[in-house]
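Visitor:
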Amino acid sequence: RIVDVVNQRLRHPRDLVGMVLCLVGIVLVLALAVYAHGTTTGIASDVRGFSSTLARILFVPVALLETLIMLGVPVAVLLELSLRKAGRQAADALLAAALGLGLAAASAWTLTQVGSDEMIEGVSVWVQGVRQVTMPVYISGIVALLTVAGPSTRRRSVRWSWNLLWCSLAIVLITGQVSIPGVALVLLLGRLAGMAVRYLFGVRNERAYGQALLDALRQVGFEPLTLARVRDVADDDHASTSSRESLIDTYLASAPTRSAGSAALSPSSDTGALVAAATDPASVTIARYSDNRVYALTTKDGPRLDVVVLDGDRQVIGFLSRLWRSLRLRGIEGRSSVSLRAVAERAALLAYTAEAAGVRTLRLRGISASEDSMLLIQEHATGAVSWRDLPDEKLTDQVLAELWRQISLAHAHGLSHRRLTEDVILVRVDQPDEPKVWLTGWESGDVASSELSHRMDLAQMLSLVALRVGPERAVASATSAGIDAGSIGPMLQVPTLPRSTREQLRARRDLLPALRAELVAQLPESDVEPIQMVRLGARSIIMSMLTVVALIVVVTTVNFNEIKGSLSHANPWWMVASFVLGLLTWLGGSMTFVAFSPVKIPMQRAFLMQAASSFVALAAPAGIGPAALNLRMLTRRGIHTSLAVATVALVQLSQIVVTVLLLVVLSVATGDGGVLRSLPSTPVLATIGALALVLAVAFTVPMVRRWVLARIGPMLRQVWPRLSGVLAHPWRLAAGLAGSAVMALGYVLSFDAALAAFGQHISLVDAAVIYLVGNAVGAAVPTPGGVGPIEIALVTGLTTTAGVAASVATSAVVLFRVVTYWARIPLGWAAMQALKRKGEF
15 RIVDVVNQRL RHPRDLVGMV LCLVGIVLVL ALAVYAHGTT TGIASDVRGF
65 SSTLARILFV PVALLETLIM LGVPVAVLLE LSLRKAGRQA ADALLAAALG
115 LGLAAASAWT LTQVGSDEMI EGVSVWVQGV RQVTMPVYIS GIVALLTVAG
165 PSTRRRSVRW SWNLLWCSLA IVLITGQVSI PGVALVLLLG RLAGMAVRYL
215 FGVRNERAYG QALLDALRQV GFEPLTLARV RDVADDDHAS TSSRESLIDT
265 YLASAPTRSA GSAALSPSSD TGALVAAATD PASVTIARYS DNRVYALTTK
315 DGPRLDVVVL DGDRQVIGFL SRLWRSLRLR GIEGRSSVSL RAVAERAALL
365 AYTAEAAGVR TLRLRGISAS EDSMLLIQEH ATGAVSWRDL PDEKLTDQVL
415 AELWRQISLA HAHGLSHRRL TEDVILVRVD QPDEPKVWLT GWESGDVASS
465 ELSHRMDLAQ MLSLVALRVG PERAVASATS AGIDAGSIGP MLQVPTLPRS
515 TREQLRARRD LLPALRAELV AQLPESDVEP IQMVRLGARS IIMSMLTVVA
565 LIVVVTTVNF NEIKGSLSHA NPWWMVASFV LGLLTWLGGS MTFVAFSPVK
615 IPMQRAFLMQ AASSFVALAA PAGIGPAALN LRMLTRRGIH TSLAVATVAL
665 VQLSQIVVTV LLLVVLSVAT GDGGVLRSLP STPVLATIGA LALVLAVAFT
715 VPMVRRWVLA RIGPMLRQVW PRLSGVLAHP WRLAAGLAGS AVMALGYVLS
765 FDAALAAFGQ HISLVDAAVI YLVGNAVGAA VPTPGGVGPI EIALVTGLTT
815 TAGVAASVAT SAVVLFRVVT YWARIPLGWA AMQALKRKGE F
C-alpha cells in the first residue's frame with residue numbers, strides 16, 4: 015500500500031532562474047547593440063559576404079521556411095499535445111505564444127519610439143537603401159510556445175521544431191534580413207514569456223510517484239510491501255494536539271492511501287504501523303536535512319528501509335547554493351553537480367566511502383532511476399533520534415566521546431562532511447554505556463579533502479555541542495577525545511557554519527566569543543584569532559560596486575575638455591598650493607576622530623580612513639562617506655553600534671559648531687563682514703520658516719512623533735555620555751575642535767588658492783562664506799560626492815556675491831573640485847587597499 019501526497023503541477027525554481035538570466039541577456043544585447051555595433055555589423059557583413067551566392071539561391075526557401083514555422087510548428091506541437099491528452103499544457107503553450115508575440119511587438123515599438131539612434135541602428139538592417147528595425151516578432155511567439163510545450167527529449171514535434179527554427183534563423187541571418195541583436199532579442203523575449211507562463215501557472219509534475227516508484231524499487235531487487243511518505247506531522251499546522259490518534263488522522267487526511275497491485279493491506283490492522291513508520295524520528299530527520307522526499311519502505315522479506323527520492327526540478331537551487339558557497343568561502347572546492355544523475359552518483363560515492371572508512375552511517379542498499387527522479391535506498395536507524403530531539407539528560411560524556419570519534423574516523427580517511435547540523439547526527443542511547451552515533455547527510459561532503467575542510471568540520475561540531483552543553487564542557491569533550499582543539503579557534507566564525515547553526519547563534523551571540531575564551535583558558539598556547547575565510551563577501555561586493563560606480567561617474571560627468579582648458583590658464587604654483595591645502599582636511603578629520611573615539615585608534619589608521627573616504631565619495635552623497643567609514647572602524651573594534659553612531663554624530667556636530675565659530679572669528683579678525691552681513695537673506699529665512707512649520711505639523715501626528723523618537727532616541731541617549739566623557743578630558747576636546755578647525759580651514763584655504771590661481775583675490779571671509787554655504791546647499795542634493803549641485807552652488811555664490819566673472823568663477827570651481835575631489839580618487843583607492851590589507855574591512 016502507498017501513502018503519499020502528489021502535487022499535480024509544480025513551479026520549477028529553474029524557470030525563475032531562467033527568467034532572470036533572460037532579463038540579463040536582454041540588457042546585454044541592447045548594450046552590445048549600442049556599444050559594439052561595429053562588431054556585430056562586421057560579423058553580419060562577413061557572413062553575408064562569405065555566403066552571397068547562397069543568399070541569392072535561398073531567397074525562395076526563406077519564404078517557405080517562414081510560412082512553415084508560423085503555421086506548421088504550432089499545428090504540429092498542439093496536435094501532439096492533444097493526442098497525448100495534455101490539454102492544459104496546450105492552453106498554456108498558446109498563452110505563452112500570445113505573450114511572446116505581445117512582448118516582442120511592444121519591444122519593437124518601444125525601440126522605434128524612445129530608443130536612441132545607436133540602439134535603433136543596432137537592431138536595423140538595410141532594406142532597399144533604407145535602414146529598418148527588423149525584429150521577427152513571430153519568432154518570439156514560436157520560442158515561447160516551444161518552451162512551454164515540453165522538453166525536446168520527450169516531444170518529437172518540439173525537437174524537430176527547434177531544429178527547423180535554428181536552420182531558418184541561420185538562413186535569414188545569412189541573407190541579411192535580420193540583425194544579430196534583433197534575432198537575439200526575439201529569442202530572449204520568447205524564452206522570457208515561456209518561462210514566465212511556466213512559473214506562474216506551473217508545469218506538469220514529472221516526478222516519480224506511486225507505481226513508478228514501485229517499479230524502480232523492483233528493478234534493483236526489492237519487493238515493496240508498504241511505501242509511506244515520511245512527514246513531520248508534529249510540525250503540521252493542522253495538528254492541534256500531539257496525541258497519537260490526532261497525528262494519524264491528520265496524516266491520513268492529507269496523504270491519500272491507496273492499494274498498489276497485490277500489495278494491498280487491511281487498513282484496520284496496519285494503519286497504525288504504517289503511520290508509525292512514516293513518522294519515525296530518524297526518517298523525519300532525513301527529510302528535514304535533505305529537503306527531499308523520503309519514504310518509509312517495508313518489504314516482504316527484509317528490514318525496514320528509507321527511500322530518499324531526488325527530483326530533477328529541485329537541483330537548480332542546490333547547484334546555485336553550492337556554487338555560491340564555493341565562491342564565497344576559501345577552501346571550498348568548486349565541484350557543483352547540476353544534473354540529477356551526477357548529484358545521485360556523488361551522494362552514492364560519499365555514502366560508500368564513509369561506510370568503507372568505518373564511519374557509522376546509513377548504509378546505501380541500492381540506487382535506481384524513474385522518470386525525473388533518482389531513488390537512494392538506505393538502511394534505517396531503528397530507535398535513533400536526531401541531535402536536535404535528544405533530551406539534555408541523555409547528553410552524557412559517552413555520547414560526546416562517540417560523536418568526536420566518528421568525525422575523527424572520517425577525517426582520518428580523508429573525508430569531510432561540510433554540513434554538520436543538528437539533523438545529520440543520529441543518536442541511540444538504549445545502552446547508556448555504549449551509545450551509537452550515526453553521521454548522515456554526506457551529500458555535501460568531499461573525499462580526499464584538505465586540512466582546512468577538516469578544521470571547518472570540527473568548528474561546526476564544536477559549535478553544535480556548545481549550543482547544547484555549554485562552551486566549557488564542549489571544549490573539554492573535544493580535548494579528551496584527542497581532537498586538536500587549538501586549531502579550531504580561527505575557524506569559529508559565522509561564515510563557516512551551516513545556516514541552521516547560524517540561526518541558533520542569533521539568539522546566543524556571545525557563544526562564539528565564549529568558545530574562543532574557553533579554548534584559550536584550557537589551551538593557553540592556542541591561537542583563536544579568526545582567519546579570513548570569506549572570499550566574496552559584503553566587502554568585496556561593495557568594493558566592486560564602488561569601482562563600477564566610480565568609472566560610470568568619471569565617464570559620464572567629467573568634461574575633460576573643460577578641465578584641460580581651465581588648467582592651461584591657471585598658475586601652477588597656486589594649483590599645487592590648492593592641492594596641498596586640500597590634504598589638510600584628511601589630517602583635521604583624523605585628529606577629530608582620534609580625539610573623540612572611545613577606544614585608542616592609531617593616527618595613521620585614522621588618516622588612511624579619511625583618505626579612503628575620498629574614494630567612497632564616488633558612490634555616497636557628500637559627507638556620508640567619512641561618517642560611514644568612521645562607523646566601520648569603531649564597530650570593527652568591538653564598539654557597540656549605538657555608541658559608535660553617537661561618536662560619529664559627535665564628530666559631525668563638532669564640525670558644524672567649529673564652522674559657525676570660524677565664520678565669526680574670521681569676520682572679527684579681518685574687521686570686514688563681507689557677504690556675511692547679507693546672511694541670512696529673506697529667501698533663506700522664508701525657507702527655514704516653512705521647513706520649521708512642516709516639521710511642527712508633522713510632530714503633531716503621534717505615529718510620526720513615535721517613529722522619529724524611536725529612530726533618534728537611542729542615539730541622543732548616547733551622545734550626552736560621550737560628550738560628558740570628552741568634556742572630562744579637556745585636551746581631547748581641544749584636539750577634537752582643533753581638528754575640525756583644520757578641516758574647515760583646509761577646504762576654505764584650498765578654495766581661496768584656486769581663485770588665486772586665476773588672479774582672483776577676495777577676502778578670506780567671503781571665500782569662507784561662499785564655500786561653506788555653497789557646499790552645504792550642494793550637499794543637500796544626494797548625488798555621489800555632490801557632483802553637479804556643489805559646482806553650481808559655488809559658481810553661483812562667486813558670481814552673485816563676490817562679483818567674479820562667470821568664466822573665471824567656473825574655471826576656479828572646476829580647478830577646486832579637481833584638486834579636492836577628482837585628483838584624490840586614486841589616493842583614496844590606494845588607502846582603501848591598504849586598509850583592506852590591515853584588516854579594517
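So the sequence shown is residues 15 to 855, counted in my numbering. Even for Gly, the Cβ is constructed at its ideal location relative to N, Cα and C.
#1: Tell me whether HIS775 is buried or exposed, calling it buried when 16 or more other Cβ atoms sit within 10 Å of its Cβ.
#2: Which class does MET388 belong to by DSSP, given the choice of helix, strand or coil?
#3: With ARG360 and LEU453 assumed to form a contact (beta carbons below 8 Å), what rounded beta-carbon distance in angstroms separates them?
#4: When you compare the CB positions of TRP600 and ALA620, do they come within less than 7 Å of one another, or not?
#5: When we look at the beta-carbon of MET605 and count the other beta-carbons within 10 Å, is it buried (16 or more) or exposed?
#6: How many angstroms separate the CA atom of GLY136 from the CA atom of SER627?
#7: Keeping to the same chain, check which residues put their C-beta closer than 7 Å to that of GLN420; ignore five residues upstream and five downstream.
#8: Taking only three categories from DSSP, how would you classify ILE439?
#9: Who are THR313's beta bridge partners in DSSP?
#10: Between the stretch 748-768 and the stretch 777-787, can you find at least three pairs of beta-carbon atoms closer than 8 Å?
#11: Starting from TRP843, trace the alpha helix (DSSP H) in both directions and tell me its first and last residue.
#12: Just list the residues that DSSP pairs ARG243 with in beta bridges.
#13: Check VAL461 in the structure and name its three-state DSSP category.
#14: So PRO504 packs on PRO544, CB below 8 Å; how close in whole Å?
#15: DSSP three-state call for TRP174: helix, strand or coil?
#16: So which of ARG25, GLY86 and PHE830 has the shortest CA-CA distance to SER592?
#17: GLN146 by DSSP, collapsed to three states: which one?
#18: How big is the Cα-Cα spacing for VAL590 and LEU44?
#19: In terms of alpha-carbon separation, which member of LEU657, THR661, VAL461 and GLY652 lies closest to PRO640?
#20: Bridge partners for LEU829 per DSSP, in chain order?
#21: Please name the residue or residues paired with GLU393 in a DSSP beta bridge.
#22: Take the Cβ of PRO840 as the centre, count every other Cβ of all protein chains shown within 10 Å, and call the residue buried at 16 or more, exposed below.
#23: In whole angstroms, what separates the C-alpha of PRO27 from that of MET209?
#24: According to the neighbour-count rule (16 or more other Cβ atoms, all chains shown, within 10 Å of its Cβ), is ASP10 buried or exposed?
#25: Inspect the CB distances between the stretch 455-464 and the stretch 408-420 and report whether three or more fall short of 8 Å.
#26: So, VAL151 versus ALA119, is the Cβ gap smaller than 7 Å?
#27: Let me check one thing: in DSSP terms, what residues is LEU645 bridge-paired to?
#28: Just verifying my parser: in three-state terms, what is the DSSP assignment at LEU324?
#29: If you pair each beta-carbon of the stretch 103-117 with each one of the stretch 196-206, do three or more pairs fall below 8 Å?
#30: Is it the case that the stretch 150-164 contacts the stretch 79-98, given that we only count it when at least three CB pairs across the two stretches are under 8 Å?
#31: Count the other CB atoms within 10 Å of the CB of GLY459; is the residue buried (16 or more) or exposed (fewer)?
#32: Can you check which of these residues, GLU132, ALA845, ALA226 and ILE156, is closest to PHE629 by C-alpha distance?
#33: Mapping DSSP to helix, strand and coil, what is SER353?
#34: Please report the distance separating the alpha-carbon of ARG377 from that of PRO616.
#35: Determine the burial state of HIS431: buried for a count of at least 16 other Cβ atoms within 10 Å of its Cβ, exposed for fewer.
Guide: Concretely, from the data shown:
#1: exposed
#2: strand
#3: About 17 Å; that fails the 8 Å criterion.
#4: no
#5: buried
#6: 40 Å
#7: VAL373, ARG374, VAL451 and LEU453
#8: strand
#9: PRO238
#10: yes
#11: 838-851
#12: TYR309
#13: coil
#14: 6 Å
#15: helix
#16: PHE830
#17: strand
#18: 44 Å
#19: THR661
#20: Note: LEU829 sits in no beta bridge, so no partner.
#21: LEU319
#22: exposed
#23: 10 Å
#24: Residue numbering for the chain in the displayed model covers 15 to 855; residue 10 lies beyond these limits and cannot be assessed.
#25: no
#26: yes
#27: Bridge partners of LEU645: none, in fact.
#28: strand
#29: yes
#30: yes
#31: buried
#32: ALA845
#33: coil
#34: 58 Å
#35: buried
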